[in-house]
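So for the sequence shown, the working numbering puts the first residue at 177; every next one is plus one. Ideal placement from N, C-alpha and C gives every residue a C-beta, glycine not left out. Read through the structure below, which is laid out as structure tokens, and then see the notes.
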Amino acid sequence: RMYNELRPAETPLLQTSSGQFQKLRSGDSDFCTASPRWQSDIAWISPLGEASFRFFQALFDRLQIAQQFAFLCEVCLFSAFFVRRRAAHKTNFHRDFPGNAKTVFTFMAPLHDM
177 RMYNELRPAE
187 TPLLQTSSGQ
197 FQKLRSGDSD
207 FCTASPRWQS
217 DIAWISPLGE
227 ASFRFFQALF
237 DRLQIAQQFA
247 FLCEVCLFSA
257 FFVRRRAAHK
267 TNFHRDFPGN
277 AKTVFTFMAP
287 LHDM
């Protein structure tokens, strides 16, 4: 529900050489949307403060993600995003965190059937 309520806040869109960024608001929670300059409509929507991070933490807890993957290792949430995209026409296997000292997983789950 919160995703559907996101509206642009009173801040201008920031254009950079790597993409565009905008601050969004839903209730008392602020978010940032980032869209790279790819041939895609993909955008990452991330928390911009404690209130918006608590939303993601509550979702993480409610889905019991840490418990579901406890057999692999101890799992915690340190970053969260909505990824908005209309379609994915081919896979893009890659490493988000190459060379890190710890094991980091990117967990992606659809919010609805596509």
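Under the three-state DSSP convention, the category residue i falls into
i	result
residue 177	Unreliable placement is indicated for residue 177, whose pLDDT of 49 sits below 50; the coordinate value is still reported in the next sentence. Coil at residue 177, not helix or strand.
residue 222	strand
Cut-off 7 Å between Cβ atoms - residues of its own chain near residue i, not counting five sequence neighbours on either side
i	result
residue 226	none
residue 233	253
Start and end residues, beta strand (DSSP E) containing residue i
i	result
residue 258	258-260
residue 211	205-212
residue 202	195-202
Same chain, Cβ closer than 8 Å to residue i, five either side skipped, listed in chain order
i	result
residue 261	216, 217, 218, 219
residue 251	241, 242, 245, 281
residue 229	223, 256
First through last residue of the alpha helix (DSSP H) which encompasses residue i
i	result
residue 244	241-244
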